[in-house]
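Counted from 1, the sequence shown has number 200 at position 200 by full-length UniProt numbering; the numbering is strictly sequential.
From the three backbone atoms N, C-alpha and C, an ideal C-beta is built for every residue, glycine too.
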Amino acid sequence: MTGSKIVPVILAGGSGTRLWPISRDSLPKQFLGLGSPKTFYQETLLRLPEKSSGVTDPIVVTSDDFRFFARRQAAEVGVEATVVLEPARRDSAAAMIVAARIAQQRYGDDCLVLALAADHLVPDAKTFRSACLTAATVAEEGYIVTFGITPTEPRTSYGYIRPGAPLGVPGSFKVERFVEKPNRETAEGYLAEGYLWNSGNFIFPAALMIAEAEKFEPEIAAGAAEAVATATEDLGFIRLGKGAFLATPAKSIDYAVLERTDKAAVVEGRFAWSDIGSWDAVRELGTPSEEGNVTFGPVSLLDSRNAFVHSEGPLVTGIGLDGFTVIASDDAILVMPTDRSQDVKHLVAGLKAEKRNEANEHIKIHRPWGTYQTICRGERFHVKKIVVDPGAILSLQKHHHRAEHWVIVKGTAEVTLGDKVYTVNENESTYLPIGSIHRVANPGKIPLELIEVQTGSYLGEDDIVRLEDKYARV
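As structure tokens, this is what we get:
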């Protein structure tokens, strides 16, 4: 056990576009499970060292879009987290320094920050916790410590660390050199020379990280400090000062501090680890068949070898596939040679340039109150399935261009229409004219499911005038 408080900081604001079409901006991979009942974010929370080791409740840094995911999923696994909201993505340096500032304010200058990505896979939680406590003893000596992973193969998608002089704690070293993603020949040389994979997870004294950031990146350090100083509380979330944060340069903590400081150390993490940064990495989670095929979900293959097929929606069938990856969601399918998985981000960038809605949003859209999903769409109608969580309530709103019909298929709805409030039960319906002020709430103990039929001349989501909202979206 260390003498300092250890403050876990979970960075959960990434978009995860390399795992498109399953991971998208509206619901990225950290809040998904990819076949597991728990999400990557929840698994990260659950493998934190025990509080008996001097560990505090975690601080989670994420974006406004994911605030309710972060709080709800933490509560589901019994973790009370402080959720800090970034006004925009500014890479990891600003987020890390903001978190260090908040930790320092709460727990003093000598606290340690354990900064972890929310979307990594670490199956051996016990060994991971042990490595965290070992790294904490090194950090207390005045080091910014990164977890280095012993490579299992010459990966070209990872950064590497060259360990230098050993430190007093077994398995810990000064960092001699950080190197970016190499080609395969170079990576093979790194393995022979004892390089480690850079996991992108750290532990450091909060005051030391702030001081090093002020030395190397004074603009980022000042912007982060001002964003914390001007932060406000909103529904229990900490909302960083918008102006200061938006003016802060975007840069990774590696470029901003780690590769420039002389106080970088590495502790060898003897645990299995993956950043799940591509579909290749997801494939490795499965067990190949005799033909080398790895499948997940409703899949049927004939005369196929070395194929990876992952479906979270329709039945996917294949004949004669050899070395191909197929990823299927409810509304998009990705087909590629398996060795092209690093190019998915370029494909998604092209879809965004074409303004394809599928690039960013899932067919099922999550909201603080539940979800909605398109069933059918036409020129003057739009049919949705809406699920409202128990006790949840939508905003009081109106529309200028559409009317709505609600058919209750499960549960009980409390409907507000103008000055009236009334109950609509299963197998009953109600009509909401254009321009009417309305809302729906779920007063029951089970999810409320309803079919919404919109009709009108314009059916865009921006035709919503919110008059009152429990979730502060007015």
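Endpoints, the alpha helix (DSSP H) within which residue i is located
| i | result |
| --- | --- |
| His346 | Val344 to Ala353 |
| Asp234 | From DSSP, Asp234 is part of no alpha helix (DSSP H) but of the beta strand (DSSP E) over Thr232 to Asp234. |
| Glu212 | Ala206 to Phe216 |
| Leu133 | Ala125 to Ala139 |
| Phe69 | Arg67 to Glu76 |
| Gly286 | No alpha helix (DSSP H) contains Gly286, which DSSP labels as neither H nor E. |
| Ile97 | Asp91 to Tyr107 |
| Glu188 | Arg184 to Ala192 |
| Phe31 | No alpha helix (DSSP H) contains Phe31, which DSSP labels as neither H nor E. |
| Pro44 | Reading off the sequence, residue 44 comes out as Thr, not Pro. Phe40 to Leu46 is the extent of the alpha helix (DSSP H) around Thr44. |
Element boundaries [beta strand (DSSP E), containing residue i]
| i | result |
| --- | --- |
| residue 510 | Outside the displayed range of the chain (1 to 474) lies residue 510, so it cannot be described from this structure. |
| Phe324 | Phe324 to Ala328 |
| Arg377 | Gly370 to Arg377 |
| Thr62 | Ile59 to Ser63 |
| Ala117 | Leu112 to Ala117 |
| Thr295 | Val294 to Phe296 |
| Arg367 | Lys364 to Arg367 |
| Ser311 | Phe308 to Ser311 |
| Pro154 | Segment: none, Pro154 is in no beta strand (DSSP E) and carries neither H nor E. |
| Ala165 | Tyr160 to Pro166 |
| Pro337 | Ile333 to Pro337 |
| Ala403 | Arg402 to Lys410 |
| Tyr431 | Ser429 to Leu432 |
| Gly318 | Val316 to Ile319 |
| Glu86 | Thr82 to Glu86 |
| Ser26 | Here Ser26 belongs to no beta strand (DSSP E), and DSSP marks it neither H nor E. |
| Pro8 | Ile6 to Leu11 |
| Leu396 | Leu396 to Lys398 |
| Phe178 | Ser172 to Val179 |
| residue 518 | An answer regarding residue 518 cannot be provided, because it is not within the stretch 1 to 474 covered by the chain. |
8 Å Cβ shell around residue i - same chain, five flanking residues per side excluded
| i | result |
| --- | --- |
| Arg47 | Val122, Ala125, Phe128 and Arg129 |
| Asn183 | Thr156 |
| residue 476 | Residue 476 lies beyond the stretch modelled for the chain, which goes from 1 to 474, so this question has no answer here. |
is_contact[residue i, chain C] using C-beta, thresh 8 Å
| i | result |
| --- | --- |
| Lys352 | Annotation note: the requested chain C is absent from the structure, which comprises a single protein chain. |
Cutoff 6 Å; reference residue i; Cβ partners in own chain excluding five residues on either side
| i | result |
| --- | --- |
| Pro8 | Leu48, Pro58 and Leu114 |
| Val299 | Val309, Ser311 and Val316 |
| Asp275 | His120 |
| Ile386 | Tyr372, Leu450 and Glu452 |
| residue 530 | Outside the displayed range of the chain (1 to 474) lies residue 530, so it cannot be described from this structure. |
| Val79 | Leu45 |
| Ile210 | Ala100 |
| Ile60 | Rather than Ile, the amino acid found at residue 60 in this sequence is Val. Closer than 6 Å at Cβ, skipping near neighbours: Ile10, Ala12, Ala70, Ala81 and Val83. |
| Gly313 | Ala328, Ser329 and Asp330 |
| His401 | Gly456, Ser457, Tyr458 and Asp463 |
| His399 | Asp463 |
| Leu208 | none |
| Trp273 | Val122, Ile149 and Ser199 |
| Glu428 | Ile408 |
| Leu19 | Lys29 |
| Ser63 | Gly13 and Glu86 |
| Glu185 | none |
| Leu351 | Ala359 |
| Val471 | Sequence check: residue 471 is Tyr here, not Val. Pro368. |
Contact set for residue i: own chain, Cβ-Cβ below 7 Å, skip 5 residues either direction
| i | result |
| --- | --- |
| Asp303 | Ile319 and Gly320 |
| Gly14 | Pro28, Gln30 and Asp119 |
| Gln73 | Phe31, Thr39, Tyr41 and Gln42 |
| Asp389 | Trp369, Gly370, Asn442 and Pro447 |
| Ile437 | Leu396, Lys398, Gly418 and Leu467 |
| Ala139 | Leu112, Val145, Ile203, Phe204 and Pro205 |
| Thr232 | Arg239 |
| Asp254 | Phe178 |
Cβ separation of residue i and residue j, assumed to be a contact under 8 Å, to the nearest whole Å
| i | j | result |
| --- | --- | --- |
| Lys251 | Ala359 | Not really, about 25 Å apart at Cβ, beyond 8 Å. |
| Leu167 | Ala265 | 6 Å |
| Arg90 | Thr248 | 5 Å |
| Leu396 | Glu468 | 4 Å |
| Leu432 | Glu404 | 4 Å |
| Gly16 | Ser23 | 4 Å |
| Val267 | Ala135 | 4 Å |
Counting Cβ pairs closer than 8 Å, one from the stretch 205-219 and one from the stretch 153-165, do we hit at least three? no
Is it a yes or a no for the stretch 377-385 touching the stretch 451-459, going by three-plus beta-carbon pairs under 8 Å? yes
Counting Cβ pairs closer than 8 Å, one from the stretch 190-201 and one from the stretch 279-289, do we hit at least three? no
Across the stretch 231-238 and the stretch 136-144, are there enough close Cβ pairs to call them in contact, namely three or more that are closer than 8 Å? no
3-residue-minimum beta strand (DSSP E) runs that sit fully inside the stretch 234-267, ordered along the chain: 237-239
Three or more C-beta pairs under 8 Å: does that hold for the stretch 205-215 against the stretch 169-180? no
Is the stretch 195-209 in contact with the stretch 242-249, if contact means three or more CB pairs nearer than 8 Å? no
Tell me, please, whether the stretch 404-424 touches the stretch 434-442 by the rule of three or more beta-carbon pairs shorter than 8 Å. yes
Say whether the stretch 355-368 touches the stretch 418-432, bearing in mind that this needs 3 or more beta-carbon pairs closer than 8 Å, one atom from each stretch. no
Flag this pair as touching only if the stretch 87-101 and the stretch 220-229 have three or more C-beta atom pairs under 8 Å; answer yes or no. yes
Counting only runs of 3+ residues fully inside the stretch 435-473, write out the beta strand (DSSP E) ranges in chain order. 438-441, 448-456 and 465-468
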